[in-house]
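Number of protein chains: 2
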Amino acid sequence: MCSPEIMVRVADVSRRNFLKQTAALGVAAGAVHLGAFGSLAQNATPVATPVSGPATFSFGPFTQVTDLTHVWGPDFPVFAGATSAVFENLATVDSGGYYNNLLTYEEHTGTHMDAPAHFDADGLTADLLPIANFFAPLVVINIAARAETDPDAQGTPDDITAWEATNGPIPAGSFVALYSGWESRLSAPATFVNLDDAGVQHYPGWHGEAAALLVNERDIVGAGVDTLSLDYGPSADFISHLTFLPGGKYGIENLANLGTIPALGASIIVGGPKHIAASGGPTRAYAVT
Amino acid sequence: MCSPEIMVRVADVSRRNFLKQTAALGVAAGAVHLGAFGSLAQNATPVATPVSGPATFSFGPFTQVTDLTHVWGPDFPVFAGATSAVFENLATVDSGGYYNNLLTYEEHTGTHMDAPAHFDADGLTADLLPIANFFAPLVVINIAARAETDPDAQGTPDDITAWEATNGPIPAGSFVALYSGWESRLSAPATFVNLDDAGVQHYPGWHGEAAALLVNERDIVGAGVDTLSLDYGPSADFISHLTFLPGGKYGIENLANLGTIPALGASIIVGGPKHIAASGGPTRAYAVT
Numbered sequence: 026m027c028s029p030e031i032m033v034r035v036a037d038v039s040r041r042n043f044l045k046q047t048a049a050l051g052v053a054a055g056a057v058h059l060g061a062f063g064s065l066a067q068n069a070t071p072v073a074t075p076v077s078g079p080a081t082f083s084f085g086p087f088t089q090v091t092d093l094t095h096v097w098g099p100d101f102p103v104f105a106g107a108t109s110a111v112f113e114n115l116a117t118v119d120s121g122g123y124y125n126n127l128l129t130y131e132e133h134t135g136t137h138m139d140a141p142a143h144f145d146a147d148g149l150t151a152d153l154l155p156i157a158n159f160f161a162p163l164v165v166i167n168i169a170a171r172a173e174t175d176p177d178a179q180g181t182p183d184d185i186t187a188w189e190a191t192n193g194p195i196p197a198g199s200f201v202a203l204y205s206g207w208e209s210r211l212s213a214p215a216t217f218v219n220l221d222d223a224g225v226q227h228y229p230g231w232h233g234e235a236a237a238l239l240v241n242e243r244d245i246v247g248a249g250v251d252t253l254s255l256d257y258g259p260s261a262d263f264i265s266h267l268t269f270l271p272g273g274k275y276g277i278e279n280l281a282n283l284g285t286i287p288a289l290g291a292s293i294i295v296g297g298p299k300h301i302a303a304s305g306g307p308t309r310a311y312a313v314t
Numbered sequence: 026m027c028s029p030e031i032m033v034r035v036a037d038v039s040r041r042n043f044l045k046q047t048a049a050l051g052v053a054a055g056a057v058h059l060g061a062f063g064s065l066a067q068n069a070t071p072v073a074t075p076v077s078g079p080a081t082f083s084f085g086p087f088t089q090v091t092d093l094t095h096v097w098g099p100d101f102p103v104f105a106g107a108t109s110a111v112f113e114n115l116a117t118v119d120s121g122g123y124y125n126n127l128l129t130y131e132e133h134t135g136t137h138m139d140a141p142a143h144f145d146a147d148g149l150t151a152d153l154l155p156i157a158n159f160f161a162p163l164v165v166i167n168i169a170a171r172a173e174t175d176p177d178a179q180g181t182p183d184d185i186t187a188w189e190a191t192n193g194p195i196p197a198g199s200f201v202a203l204y205s206g207w208e209s210r211l212s213a214p215a216t217f218v219n220l221d222d223a224g225v226q227h228y229p230g231w232h233g234e235a236a237a238l239l240v241n242e243r244d245i246v247g248a249g250v251d252t253l254s255l256d257y258g259p260s261a262d263f264i265s266h267l268t269f270l271p272g273g274k275y276g277i278e279n280l281a282n283l284g285t286i287p288a289l290g291a292s293i294i295v296g297g298p299k300h301i302a303a304s305g306g307p308t309r310a311y312a313v314t
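Residue numbers (the numbering used here), protein chains in the order written: chain A, 26 to 314; chain B, 26 to 314.
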């Protein structure tokens, strides 16, 4: 167990800096920040990745790693209205000498990242996020007892201040995860989406006021949930998405195994997606202590 | 800089253990190890991921991280005969309130993992690989000078023994990467695949005898290249794939930035794909020192 500190903080990227960064990558800025994908697909320019200099920080040492990532695929539940992944086998070792599949899926499937660009036309896409933000102290706020009886339970400012009363201030540069115990429902996927008769989803998420507290009054790099959405199921206004992401923070949804992670003292390592102009995508995340 | 040691080694998984592990995941064993994808897609069982216990090791501390991952997409070069990725924009912030894309690609695209199952019907798929093997000492063997004049340059047993003469024995549990400098060609993708008039690819890779040396006479978790294939371009027999993968090692192809990593002293963190029954897939990899 350790309490790492990120020594060099990468400031939130202003629109001006974003455009500079995008230009430095040789990518047409407008095409990326507007998510106009067609023009990118026809543009041979963005293939070259410049050599990246290292980010400097102090991290570790560690003695344990826990996988925060679910196995996902065509049967993994998706946000109501989204399309499930489709996997097509192209070859097997027995039939073709090697085994290979064609994957088709919406970016927001499985344990996945929401990049700022997912809800902010001026926000960074996942491929452009600073990697220093992918190595962070991991704070786990546990609302599982409440979620057991209330599928619409939300992580509130009171939950944050109660956590801090026990554990001290949220460490600078933290990734803050909300644990609701929801993954126990993955054995019956329909109960994970949990639609009512009117087609409204019911599962826990971050309250908008908690998102505002974390973005405006704490120093975080991102926020996570073990459910399908940063916002709780019935949300009609996506207020938590609209607070975290335009606030320059990334999200991770459908996190696994948070119930085994200490409230304070672990760190997260985020293997985020790096396809071009990513609004997000499947992400490998580890907790290390 | 540091020389981490993985304290707990995960032994290569025998077929018997593989079937046990697969059964423990609630996945039909035959369906996975044969790569028979259709039956999985119709099977609601594999959704639930069991709570994973942590893996125990000693890793770090670190002060720098370098991204070993290329930005990839429809324009990123693919192995001759494979199909390029297709990205379709589904919504933008301006048009729909949020930005989201549909991705379609073969698993072996971009900076990506080859799981043992890619060339071994009894091998582990990427989603089942032990995560302890994703945190490893990183050895970089540099053949860039030779590759500059010979596009068919291979990493040979002599390159390995020359590396060891300078740096000492390859540390136990290492990931061994071959650096050829090939990524400079990504600005002109056709030169990265480098087909000759007969349609044969020309780029560097591991010599089969080097693969055999690493698998049989050293203790490695995996091997990497900065080109499209573990085998050099003209290979007709895929001998290096057929040595590393059935040997229980994973591969990573199209690695970035290896030229900035010391020959010895860095470690790799591998954010491998975790979709079900993965033969491999896009992978986020970091070098930490």
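Beta carbons: idealized from backbone N, C-alpha and C, even for Gly.
On a predicted model such as this, the values are computed, not experimentally measured, just so you know.
Under 7 angstroms by beta carbon: chain A residues contacting residue i
i, result
"B:A146", "V118, D119"
"B:T94", "K299"
N- and C-terminal bounds of the beta strand (DSSP E) containing residue i
i, result
"B:T174", "Run containing B:T174: none in the beta strand (DSSP E); it sits in the alpha helix (DSSP H), 169-174."
"A:I264", "That residue, A:I264, is in no beta strand (DSSP E); it is neither H nor E in DSSP."
"A:F200", "199-204"
"B:D139", "137-139"
"B:D92", "87-92"
"A:N126", "125-131"
"A:A310", "309-313"
"B:F101", "No beta strand (DSSP E) contains B:F101, which DSSP labels as neither H nor E."
"B:E278", "275-278"
"B:F82", "80-84"
"B:V225", "It is not in any beta strand (DSSP E) - B:V225 carries neither H nor E in the DSSP assignment."
"A:A291", "291-296"
"A:I245", "245-250"
Contact under 8 angstroms by Cβ, residue i with residue j
i, j, result
"A:G224", "A:S260", "no"
"B:E234", "B:T308", "no"
"A:A303", "A:A80", "no"
"A:A110", "A:T91", "no"
"A:K299", "B:T94", "yes"
"A:S292", "A:A161", "yes"
"A:S205", "A:T252", "yes"
"B:A119", "A:A146", "Correcting the residue type first, residue 119 of chain B is Asp in the shown sequence and not Ala. Yes, the Cβ-Cβ distance between B:D119 and A:A146 is below 8 angstroms."
"B:P214", "B:P102", "yes"
"A:A248", "A:G276", "yes"
"A:E132", "A:G305", "yes"
"B:E208", "B:A281", "yes"
"B:G272", "B:V246", "no"
"A:G193", "A:H227", "no"
"B:T314", "B:T88", "yes"
Run of the alpha helix (DSSP H) containing residue i, from where it starts to where it stops
i, result
"B:S120", "118-121"
"A:G233", "233-242"
"A:A190", "182-192"
"A:F217", "214-218"
Where residue i meets chain A, residues with beta-carbon distance less than 9 angstroms
i, result
"B:E189", "Ordered by position in chain A, no residue passes the 9 angstroms Cβ test against B:E189, which lies about 26 angstroms from the chain."
Chain B contact residues for residue i, given Cβ-Cβ distances below 7 angstroms
i, result
"A:E132", "N125, N126, L128"
"A:F84", "G85, P86, F87"
Near the ligand ATP: residue i beta-carbon under 7 angstroms from a heavy atom
i, result
"A:T314", "Of the ligands one can find in the structure shown there are none, so the ligand ATP has no counterpart to examine."
Within chain B, the residues that residue i reaches when beta carbons sit closer than 8 angstroms
i, result
"A:T81", "T88, Q89"
"A:D152", "V96"
Interface partners of residue i on chain A, CB under 8 angstroms
i, result
"B:L115", "E131"
Proximal chain B residues relative to residue i, where beta-carbon distance stays under 9 angstroms
i, result
"A:H143", "V118, Y123, Y124, N125"
"A:G135", "K299, H300"
> At a Cβ cut of 9 angstroms, what residues of the stretch 293-310 of chain B count as close to chain A, listed as they run along the chain?
Replying inline: I294, V295, G296, G297, P298, K299, H300, I301, A302, A303, S304, G305, G306, P307, T308, R309, A310
> Can we say the stretch 199-211 of chain A touches the stretch 136-156 of chain A, given the rule of at least three CB pairs closer than 8 angstroms?
Replying inline: no
> Would you say the stretch 117-130 of chain B touches the stretch 160-175 of chain B, given that touching needs at least three Cβ pairs under 8 angstroms?
Replying inline: no
> Looking at chain A, which residues of the stretch 215-231 of chain B have a Cβ within less than 9 angstroms of any of its Cβ atoms?
Replying inline: F217
> Of the residues that make up the stretch 156-168 of chain A, which ones have a beta carbon closer than 9 angstroms to any beta carbon in chain B?
Replying inline: I156, A157, F159, F160
> What residues in the stretch 254-285 of chain A bring their beta carbon closer than 8 angstroms to a beta carbon of chain B?
Replying inline: F263, H266, A281, N282, G284, T285
> Can at least three beta-carbon pairs, one atom from the stretch 182-195 of chain A and one from the stretch 265-281 of chain A, be found at a separation below 8 angstroms?
Replying inline: no
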